[in-house]
């Protein structure tokens, strides 16, 4: 296994740790709490970062998303579509009604599939262009680091919101 692959695996394992710390043991009501009327809830943040990882990694791997192939869309049964980019405040509020078990279960499934993909990579594949709509075009390595960064950022936001929630009990 190459050093680049080992670094990606380490980074993605940190996302899982952060996601679990932010969400474990929370009820559906706690996951839906918003620190102000337009803030993202813990549940939305965890759902969104998982949807982003599922969508983006499935795309570069040439696979379908677990969201649809493994029935997660039906289990969540949300009235919103997409992965969360561009959601209005009202749409953020509609990403609710589920407990920690379902969102962490979805994350864990996506996480394992991501690790499987990364383990199969060779260093030279990281330079493959996966999105030409940007200047410069986005390579596989850049996309994987971008997803890692986005997920860690949202997991940190969820951890912050959980900390506020716990201090106000």
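Numbering (the numbering used here), first residue to last: 2 to 170. C-beta atoms are modelled at their ideal positions from N, C-alpha and C, and glycine is treated no differently. All values derive from a computational prediction rather than experimental measurement.
Whole angstroms are fine: how far does the CA of residue 19 sit from the CA of residue 60?
Roughly 24 Å separates the two Cα atoms.
Limits of the unbroken beta strand (DSSP E) element including residue 132:
Unbroken beta strand (DSSP E) run through residue 132: 130 to 132.
Please confirm if the region 42 to 49 is in contact with the region 83 to 94, defined as three or more CB-CB distances below 8 Å between the two stretches.
Verdict: yes, contact present.
Would you call the region 63 to 76 and the region 29 to 41 touching, i.e. three or more CB-CB distances under 8 Å?
Taking 8 Å as the limit for Cβ pairs, the verdict is that the region 29 to 41 does not touch the region 63 to 76.
Let me check one thing: in DSSP terms, what residues is residue 139 bridge-paired to?
Its beta-bridge partners are 132.
Would you check if the region 101 to 110 and the region 5 to 24 touch, i.e. whether three or more CB-CB distances between them fall below 8 Å?
Because the criterion of three Cβ pairs below 8 Å is met, the region 5 to 24 and the region 101 to 110 touch.
Buried/exposed call for residue 159, threshold 16 Cβ in 10 Å
Counting Cβ neighbours within 10 Å, residue 159 comes out buried, since at least 16 surround it.
Near residue 12, what residues of its chain come up, given a Cβ to Cβ distance below 6 Å and the 5 sequence neighbours on each side ignored?
Only 149 meet the Cβ criterion.
For residue 62, which residues of its own chain have a beta-carbon under 6 Å away from its beta-carbon, when the five flanking residues on both sides are left out?
By the criterion of a C-beta distance shorter than 6 Å, residue 62 is surrounded in its chain by 118, once the five residues flanking it on both sides are discounted.
What three-state label does DSSP hand residue 75 in the structure shown?
Helix at residue 75.
Whole angstroms is fine: what's the gap from residue 8's alpha carbon to residue 135's?
If I take the Cα positions, the gap works out to 25 Å.
Classification of residue 82 by the beta-carbon crowding that lies within 10 angstroms, buried from 16 upward:
Residue 82 should be labelled exposed.
Cβ of residue 54 within 8 Å of Cβ of residue 115?
Against a cut-off of 8 Å, the Cβ pair of residue 115 and residue 54 comes out as a contact.
Which residues mark the beginning and the end of the alpha helix (DSSP H) in which residue 53 is found?
Counted as a single uninterrupted DSSP element, the alpha helix (DSSP H) harbouring residue 53 occupies residues 43 to 62.
Three-state secondary structure assigned by DSSP to residue 161
Looking at residue 161 - three-state DSSP - the assignment turns out to be helix.
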